[in-house]
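Peer 1: For reference, each letter of the sequence shown is one residue, going 1075 to 1334 in my numbering. Glycine included, each C-beta is placed from N, C-alpha and C at the ideal position. Everything numeric in this text was worked out from a predicted model, so none of it was measured. My questions all concern the structure below.
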Amino acid sequence: MSSESSEVTDNLSRVRERIDHAASRAGRGAEEITLIAVSKTHSAAQIRNLYHVGVRHFGENRVQEWEAKRAHLSGLDAVWHMIGHVQSNKAAKAVRLFDTIDSLDSADLAERLDRARKDFNTEGSEITEDIEKSREREKGIERSKTARLRVLIEVKLDPGETKSGVSGEDLAPLVKAVLRFPHLELHGLMGVPPYFDDAEKARPYFRRLRELRDAIRAEAGNNLLPVLSMGMSHDFEVAIEEGATEIRVGTALFGERGKV
Ligand SMILES: *Cc1c(COP(=O)(O)O)cnc(C)c1O
1075 MSSESSEVTD NLSRVRERID HAASRAGRGA EEITLIAVSK THSAAQIRNL YHVGVRHFGE
1135 NRVQEWEAKR AHLSGLDAVW HMIGHVQSNK AAKAVRLFDT IDSLDSADLA ERLDRARKDF
1195 NTEGSEITED IEKSREREKG IERSKTARLR VLIEVKLDPG ETKSGVSGED LAPLVKAVLR
1255 FPHLELHGLM GVPPYFDDAE KARPYFRRLR ELRDAIRAEA GNNLLPVLSM GMSHDFEVAI
1315 EEGATEIRVG TALFGERGKV
């Protein structure tokens, strides 16, 4: 084993241990929590290393960067998450390159994703068909052409964040709008609290995301929005205690990112 991949193996065991401890403190099973390895700025080779030690979910925050890397990762049966802001003009490309968009934050983007997914399912440009066919070959599956695109709505938890996320007040109307799109399947919410050295300070933000979800459930149905994507390298234990079902971990798995 190369030193790079044994380092990644060690990092993964440490993260899994932290997940186990946090889950048992919260009286939850560790298997209820999906680990998403956030691979932005890291190479396709590093993604492959983590895949080979069992990680099956990866998150990227830029369409362009992921497009370049995925070309080197054919054959991996993983779920690729878009966790960054999706610009309107990248919506169609994002639909072709990702299995789930976790950062949906406007009705306009929902409409674009819905339309793009419809095109993807039905006619399909040449490039779409190529990618889709090779994916099916790689995965040994026939991907249903009527499948909906999984989406999460990103809620703005950090008042200082200007680029992405819907405000708490605008969440309910956006949920209603997204539920009407036939080619989208809304699974839950994602949120990023402000950064605190003391992770405990992030707790009220995680709790708020869960409470916003619970308020929507009270109105629209108890099975709605089962997924809460919250918690990063330095604060995921607190997020798990507050009900996270997916955590997004970069640094603790891959090491520090270079400045980009
Ligand atoms: C980069 C990023 C992460 C991972 O952050 P780490 O602190 O490296 O674990 C998680 N979520 C989002 C939205 C990110 O952009």
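Between which two residues does the alpha helix (DSSP H) harbouring D1176 extend?
Peer 2: Note, D1176: premise wrong, no alpha helix (DSSP H); beta strand (DSSP E) at 1174-1178.
Peer 1: Tell me which residues share the same chain as E1259 and place their Cβ nearer than 6 angstroms to its Cβ, disregarding the 5 neighbours each side in the sequence.
Peer 2: Excluding positions up to five away in sequence, the list reads R1222, R1224.
Peer 1: Quick check: H1135 and V1112, are their CB atoms within less than 9 angstroms of each other?
Peer 2: It should be noted that the sequence gives Asn, not His, for residue 1135. Taking 9 angstroms as the Cβ cut-off, N1135 and V1112 qualify as a contacting pair.
Peer 1: Is it the case that the CB of H1308 approaches a heavy atom of ligand 1 more closely than 8 angstroms?
Peer 2: yes
Peer 1: Per DSSP, V1240 forms a beta bridge with which residues?
Peer 2: V1229
Peer 1: Is the closest heavy atom of ligand 1 to the C-beta of N1415 under 8 angstroms?
Peer 2: This structure cannot speak to residue 1415, because the chain is shown only from 1075 to 1334.
Peer 1: Check whether the Cβ atoms of R1282 and G1242 lie closer than 9 angstroms to each other.
Peer 2: yes
Peer 1: Based on Cα-Cα distance, which residue from K1192, V1301, I1227, A1166 lies nearest to S1180?
Peer 2: I1227
Peer 1: I want to see whether chain D comes within less than 9 angstroms of S1080, judged by CB atoms only; does it?
Peer 2: Protein chains in the displayed structure number just one, and chain D is not present.
Peer 1: Classify S1177 as buried or exposed, calling it buried when 16 or more other Cβ atoms lie within 10 Å of its own Cβ.
Peer 2: buried
Peer 1: Since A1118 and V1137 should fall inside the 8 angstroms C-beta cutoff, what is the C-beta to C-beta distance between them, to a whole number of angstroms?
Peer 2: Actually they are not in contact, since the Cβ atoms of A1118 and V1137 sit about 16 angstroms apart, beyond 8 angstroms.
Peer 1: In chain order, what residues of the same chain have a beta carbon less than 8 angstroms from the beta carbon of R1130, not counting five sequence neighbours either side?
Peer 2: D1151, A1152, V1153
Peer 1: Where A1184 and V1252 are concerned, what is the direct C-alpha to C-alpha distance, given to the nearest angstrom?
Peer 2: 6 angstroms
Peer 1: R1092 and E1311: beta carbons closer than 9 angstroms?
Peer 2: Yes, Cβ-Cβ distance for R1092 and E1311 is below 9 angstroms.
Peer 1: Going by C-alpha to C-alpha distance, which of K1143, L1109, T1108 sits closest to I1121?
Peer 2: K1143
Peer 1: Using the three-state DSSP reduction, which class does F1132 fall into: helix, strand or coil?
Peer 2: strand
Peer 1: So what does W1154 bridge to, in DSSP terms?
Peer 2: F1132
Peer 1: Closer than 8 angstroms: is that where the CB of S1117 sits relative to any heavy atom of ligand 1?
Peer 2: Exclusion of S1117 from the 8 angstroms shell around ligand 1 follows from its C-beta lying no nearer than that to any non-hydrogen atom of the ligand.
Peer 1: In three-state terms, what does DSSP make of S1162?
Peer 2: helix
Peer 1: Does the distance from the C-beta atom of L1187 to that of H1261 stay below 9 angstroms?
Peer 2: no
Peer 1: Spatial neighbours of W1140 within its chain, please: CB distance less than 8 angstroms, with the 5 preceding and 5 following residues excluded, ordered by chain position.
Peer 2: E1134, W1154, M1156, L1171, F1172
Peer 1: Please say whether V1160 and N1123 have beta carbons closer to each other than 9 angstroms?
Peer 2: no
Peer 1: Taking a contact to mean a Cβ-Cβ separation below 9 angstroms, would you say D1309 touches F1270 in this structure?
Peer 2: yes
Peer 1: Name the residue from R1322, S1303, D1288 whose alpha carbon lies nearest to the alpha carbon of N1296.
Peer 2: D1288
Peer 1: Within 10 angstroms of the Cβ of H1146, are there 16 or more other Cβ atoms? Answer buried if so, exposed if not.
Peer 2: The residue is exposed, with fewer than 16 neighbouring Cβ atoms inside 10 Å.
Peer 1: Just to confirm, is the Cβ distance from F1255 to H1116 under 9 angstroms?
Peer 2: no
Peer 1: Which value, in whole angstroms, describes the spacing of the CA atoms of R1189 and E1316?
Peer 2: Distance between the alpha carbons of R1189 and E1316 is about 35 angstroms.
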